[in-house]
Amino acid sequence: MPVCRYEVLDGSPEGPRVFYATIGQMVYHKWTCDTETENQFCMVVHSCTVDDGNGDRVELIDSKGCAKDKYLLQNLDYVSDLMVGKEAHVYKYADRQSMFFDCEITLTIKEPSQQYCDVPMCPDPPRRRRSVNETRLLSNVSNVTSEERKEITVELEKRFTINKDHIDMFPNDVCMSTLGLSTVAFVNLLMISSSSLFLYKACRPSADK
């Protein structure tokens, strides 16, 4: 089974890993899966939410893999069969130091004749009517000047886990060739719950310099 990971990089897919950032800084969210067999698997990132750790949750990516609000996170880019990513600005809840990002990754096995993986076909995400939680998220970027952002340091601590309880195999998705059982073509749908923890800790500068 492919081994998947989630990284937050500085500004681009090739940037260094980010451990400290400032509010409003551009980072790159990157999901990748590694496998010993090339050109065999496809991946879709979907059902992403952000949680303040106290039960206040905002949906970022829906169950179809499409972004819900362009100001929180745009539609994801499918760079290759096993790499998905998107740039976004750093933000945090106004009254919380931690934010939990949760996404699901669906892995499927390619059909023998399949050249390219199917990816979500999403419209441009709208600027939807904001809930209280979304307003709390975005207020950190919109209400801080560029000079103040430079002085607010955010500590990023991430955790990536794979919960085996979320791995399901669906018998109805197994397709069998009528020409011979020895060349069975099957698709097993693996639901991998990936969880990433961002610890956002704002460090304010001393008033006396």
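The numbering used here puts the last residue of the sequence shown at 857; the count rises by one with no breaks. Note that beta-carbon positions come from the ideal geometry of N, C-alpha and C, so glycine has one too.
Let's see if you can read the secondary structure: which residues bound the beta strand (DSSP E) around Val692? Translated into the one-based positions of the sequence shown, residue 692 becomes position 44. For Val692, the uninterrupted beta strand (DSSP E) segment begins and ends at Phe689 to Asp699.
| query | Expressed to the nearest angstrom, what Euclidean distance is found between the alpha-carbon atoms of Cys751 and Asp729? | reply | To locate residue 751, count along the sequence shown from 1; it is residue 103. To locate residue 729, count along the sequence shown from 1; it is residue 81. Cα to Cα, Cys751 sits roughly 18 Å from Asp729.
Exercise. In its own chain, which residues sit with a C-beta less than 6 Å from the C-beta of Val651, not counting the 5 before and 5 after it?
Worked result: Counting from one through the sequence shown, the residue named residue 651 turns up at place 3. Short of 6 Å from the beta carbon of Val651, and not among the five residues preceding or following it, lie these beta carbons of its own chain, in chain order: Asp682.
Burial state of Lys678 (16 or more Cβ within 10 Å): As a working mapping, residue 678 is identified with position 30 in the sequence shown. Classification of Lys678: buried, given that the 10 Å Cβ count is 16 or more.
Worksheet item: Straight-line CA distance for Pro760 to Met769?
Response: Translated into the one-based positions of the sequence shown, residue 760 becomes position 112. Translated into the one-based positions of the sequence shown, residue 769 becomes position 121. Near 23 Å, if we compare the C-alpha coordinates of Met769 and Pro760.
Exercise for the section: Give the straight-line distance between the Cα atoms of Lys758 and Asp766, rounded to the nearest whole angstrom. Expected result: Your numbering for residue 758 matches position 110 in the sequence shown. Your numbering for residue 766 matches position 118 in the sequence shown. One C-alpha to the other measures close to 10 Å.
Considering only their Cβ atoms, is the gap separating Lys716 from Pro773 smaller than 8 Å? To locate residue 773, count along the sequence shown from 1; it is residue 125. To locate residue 716, count along the sequence shown from 1; it is residue 68. It is a contact, given that the beta carbons lie within the stated cut-off.
Given this structure, state the Cα-to-Cα distance separating Tyr676 from His737, to the nearest angstrom. Within the sequence shown, residue 676 is the residue found at index 28, counting from 1. Within the sequence shown, residue 737 is the residue found at index 89, counting from 1. About 9 Å.
| query | Where do the ends of the beta strand (DSSP E) carrying Ser728 lie? | reply | Working through the sequence shown from its first residue, we reach residue 728 at position 80. Element bounds for Ser728: Asp725 to Ser728.
Within the continuous beta strand (DSSP E) that includes Arg653, where are the two ends? Position 5 of the sequence shown, counted from the first residue, corresponds to residue 653. Per DSSP, Arg653 belongs to the beta strand (DSSP E) from Val651 to Asp658.
Q) From Val698, Tyr668, Met649 and Met747, pick the residue whose C-alpha is nearest to that of Ile684; which is it? A) What you label residue 684 is simply residue 36 of the sequence shown in a count that begins at 1. One detail in the question is off: residue 684 reads as Glu in this sequence, not Ile. Residue Met649 holds the alpha-carbon nearest to the alpha-carbon of Glu684 among Val698, Tyr668, Met649 and Met747.
C-alpha gap between Thr697 and Thr754, whole angstroms
One-based indexing of the sequence shown puts residue 697 at position 49. One-based indexing of the sequence shown puts residue 754 at position 106. Pairing Thr697 with Thr754, the inter-Cα distance amounts to about 16 Å.
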